[in-house]
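The next block holds one structure in the form of structure tokens; read it before the comments.
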Ligand code: G6P
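Residue numbers (the working numbering): 157 to 524.
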């Protein structure tokens, strides 16, 4: 075990720091700069079949569902195909409508999650084409799917998923590019997208350098009883994932919410003792999120803001900031989840939790 952890205190820490390499592995061989598109042979679908797709539905559980939410947003934005993500435990018992021009993705690190597997079987029984996005090669979902994509994140040992998540994101970015380039996206826009995606591992490496700063913030805040994680647009699922990480390994209560929705409930929780973690990069929703930050500040809630480097306006409102490098606005999920993983990890360390084996949780939930 000591060797496998490669000098890190636990597997989760190792897996967080491995992400520049694991994301690069996911992308390897799947981007074509000349044609500015993605290559995903494992989908087992011809261009003509892909062109006929009218709807995309994603089913998954836990962290994989959060990746699916980002994926759906991205596909719809870029490829102009209606897309949505649903929990497999819900879809499984819902009499959902399957239409012939819809494709489904079952997203799963382990490939063995019972709810996702049974949701997939139910969909297939109705005649759906279900593709897998799996990490574990040869897993049940990978075997039973009609095709799909392996994430190649490498073995993930810690119960709380980190590198599998960013690799699932990477697959969705490649797929969205592929679909977009068959429809709306120009060659030059596609080339910019490819270059940006290829640059993500380096940006993630830069964010990881903030380790000590994030540890210091964890030491400052870990005694809080409740946290809010807030973001909008593509950053909303990232907020959900940040809250999930904190819950899973530190047992601190955390809620992920759309920053636009706080006025409908969560703001009632805000006081001097309830920190809010804001995802507020330089994107088209930044101004809106800044007004949401001000609403929290007016109620004396402490604010930790994850913002783009050099954003003095956000820095002036927040109590603490975690600055991240600038990327194209569609790519912030990769960059913003990293500090949240580290924050959860360092809070759990402060609290003396068993980071790799949190109580009551399993890496792969093969029962209902
Ligand atoms: C469990 C794990 C989570 C994971 C979820 C879905 O709850 O603890 O980390 O996100 O299952 O697992 P899957 O293998 O389907 O991605």
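Every residue, glycine too, gets a C-beta built ideally from N, C-alpha and C.
| Item | Value |
| --- | --- |
| Distance cut-off 7 Å: residue 182 Cβ against heavy atoms of ligand 3 | What this structure holds is ligand 1, not ligand 3. |
| Runs of beta strand (DSSP E) wholly within the segment 425–482 (minimum 3 residues, chain order) | 432–436, 459–464, 476–480 |
| Closer than 7 Å: residue 315 CB and nearest ligand 1 heavy atom | yes |
| When 363, 356, 313 are compared against residue 498, the one with the closest alpha-carbon | 363 |
| Residue 270 - containing beta strand (DSSP E), residue span | No beta strand (DSSP E) contains residue 270, which is instead part of the alpha helix (DSSP H) from 270–281. |
| Close-in-space but distant-in-sequence residues of the same chain around residue 416 (CB under 8 Å, 5 per side omitted) | 388, 444, 448 |
| heavy atom of ligand 1 below 7 Å from residue 266 C-beta | yes |
| Under the three-state DSSP convention, the category residue 352 falls into | helix |
| In DSSP terms, what residue 523 is bridged to | BP columns for residue 523 are empty, so no partner. |
| Backbone secondary structure at residue 104 - three-state DSSP | This structure gives no information on residue 104, because the portion of the chain shown stretches from 157 to 524. |
| Span of the alpha helix (DSSP H), counted from its first residue to its last, around residue 220 | 218–235 |
| Outcome for residue 440 when other beta-carbon atoms lying within 10 angstroms are tallied against a minimum of 16 | exposed |
| Spatial distance of residue 473 from residue 453 (CA atoms) | 8 Å |
| C-alpha distance - residue 222 paired with residue 168, whole-angstrom precision | 18 Å |
| Whole-angstrom distance between residue 244 and residue 265, CA atom to CA atom | 14 Å |
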